[in-house]
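Quick note: the sequence shown uses the numbering used here, first residue 248, plus one each step. Read the structure below first, then the notes.
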Amino acid sequence: MKIAVTSASGKLGASITKHLIQEIGNENIIGIARTPEKAKHLGVEIRQGDYNKRQDFDKALQGIDAVLLVSGMDEPQKRIQQHRNVIDAAKQNGVQKIVYTSIVGNEDRTAFSPVVKSNRQTEKDIQESGLQWVIGRNGIYIEPDLEYIDNYVKEGGIKNCAGDGKCAYTSREELGYAYAQLLLDENNQNKVYNLVGNAITQVELAHLINQVYGTNLTYYPMSVEAYENERKQALGDFLGTIIAGIYEGIKIGANDVSSDFEKATGRPHKTPLDMIQEIKNANI
Ligand SMILES: NC(=O)c1ccc[n+]([C@@H]2O[C@H](COP(=O)([O-])OP(=O)(O)OC[C@H]3O[C@@H](n4cnc5c(N)ncnc54)[C@H](OP(=O)(O)O)[C@@H]3O)[C@@H](O)[C@H]2O)c1
């Protein structure tokens, strides 16, 4: 069985590829990347694949039995067609199974909703494709908060508009494990899974970071409007709006979802404390 992973040059694609190699070795795995040289270090065959170019995927999916489609990074409306390029090429080139990395979140109430909605459209396109399919809805990665710790210390704490909302975080490592299982388990078909851990508040996140990193961070809630203005100034309009929308989603409970991780993979998701500890250890 030959398995291909798109966006293999990115951190999630690389994590999934690494877990697949652990399960089945490297001969039957193909990484597909827009920038192939950035994926060569993975030690598997790499093929060219830009989501904007359907013809790339007609070539890249030759002889592939199952493809893992990593959600794109472009603006929401462009993503839908980009993902269709992969789905259509999979259909036409004899691929039997498609696994998609979607996202947890609210579809119509926040500035992040257009992204969530575009992911839901791709879910629908996949469900109607006639291929075998599995959809994972990823929680928010915990890594960016940990990469940002020095800034939190400088800024005097964690400040955002999530308020008391709970967020079921995950990590790229946990997702890498989960998607490898979903690709390899032939009985796991035509299901949608929330791939998340236990939900925690921002106050709890700050406590856990303090416990592991020895910091003394406090959580300061901000209004949605103030946080959006602050993020837009720091990151520009597009990204600033999206980040504020993500935290607004946490505030309204859109990320406080129950986990299907164990049902999907056969083992429980790691706790937030274990994820934070492992990421810290891996960076030492
Ligand atoms: N759950 C979360 O918290 C969260 C956070 C951020 C993003 N995401 C989503 O999860 C996805 C994967 O995250 P990540 O951590 O792997 O991000 P990442 O490390 O930034 O990687 C992004 C990947 O997308 C690829 N890409 C961008 N445009 C492409 C195109 N037109 N055709 C093919 N590949 C393209 C990049 O290829 P190049 O190497 O050529 O640039 C890279 O491999 C993201 O794309 C985004 O949809 C989720």
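Idealized CB from N, CA, C, for every residue including glycine.
Would you report the Cα separation of residue i and residue j, rounded to the nearest angstrom?
i	j	result
Q324	S349	15 Å
G310	L316	16 Å
L259	A473	31 Å
D372	R331	7 Å
D553	F304	Within the shown structure, residues of the chain are numbered from 248 to 531, placing residue 553 beyond reach of any answer.
I250	D312	6 Å
D392	A307	35 Å
N398	G461	15 Å
R384	V443	8 Å
G513	K438	15 Å
V471	M522	28 Å
R294	V450	44 Å
S254	H288	14 Å
E509	T448	22 Å
C414	E390	14 Å
W540	E421	The question about residue 540 has no answer, for the chain in this structure spans 248 to 531.
E284	S256	8 Å
N441	N457	28 Å
Around the Cβ of residue i, are there at least 16 other Cβ atoms within 10 angstroms (buried) or fewer (exposed)?
i	result
A511	buried
Y395	exposed
T608	Because the chain spans 248 through 531 in this model, residue 608 falls outside it and cannot be assessed.
D321	exposed
G352	buried
S318	buried
N528	exposed
G225	This structure does not reach residue 225, given that the chain is present from 248 up to 531, and the question cannot be answered.
Following a CB-centred definition, is residue i positioned closer than 7 Å to any heavy atom of ligand 1?
i	result
A425	no
S365	no
T357	no
N388	Residue identity differs from the one stated: residue 388 is Tyr in this sequence, not Asn. Result yes, Cβ under 7 Å from ligand 1.
Y557	Because residue 557 is not part of the residues shown, which for the chain are 248 to 531, the question remains open.
L486	no
Q449	no
I382	no
Q368	no
T348	yes
V317	yes
Q329	yes
Only counting the same chain, and skipping five residues up and downstream in sequence, which positions put a Cβ closer than 7 Å to that of residue i?
i	result
R367	E354
L378	A337, K338, V342, Q343, K344 and I345
G296	T253, I279, A280, R281, D303, F304 and A307
Going by beta carbon distance, what residues of the same chain come within less than 6 Å of residue i, once the five residues before and after it are set aside?
i	result
E475	A491
Got a sec? Which residues, its chain only, sit under 8 Å from residue i by beta carbon, not counting five neighbours each side?
i	result
K364	P323, E354 and D355
* Asked: Are there three or more Cβ pairs, one per stretch, closer than 8 Å when the stretch 464-482 is compared with the stretch 401-409?
  -> yes
* Asked: With a cut-off of 8 Å, do at least 3 Cβ pairs link the stretch 482-500 to the stretch 419-427?
  -> no
* Does the stretch 433-441 touch the stretch 258-276, meaning 3 or more C-beta pairs lie closer than 8 Å? -> no
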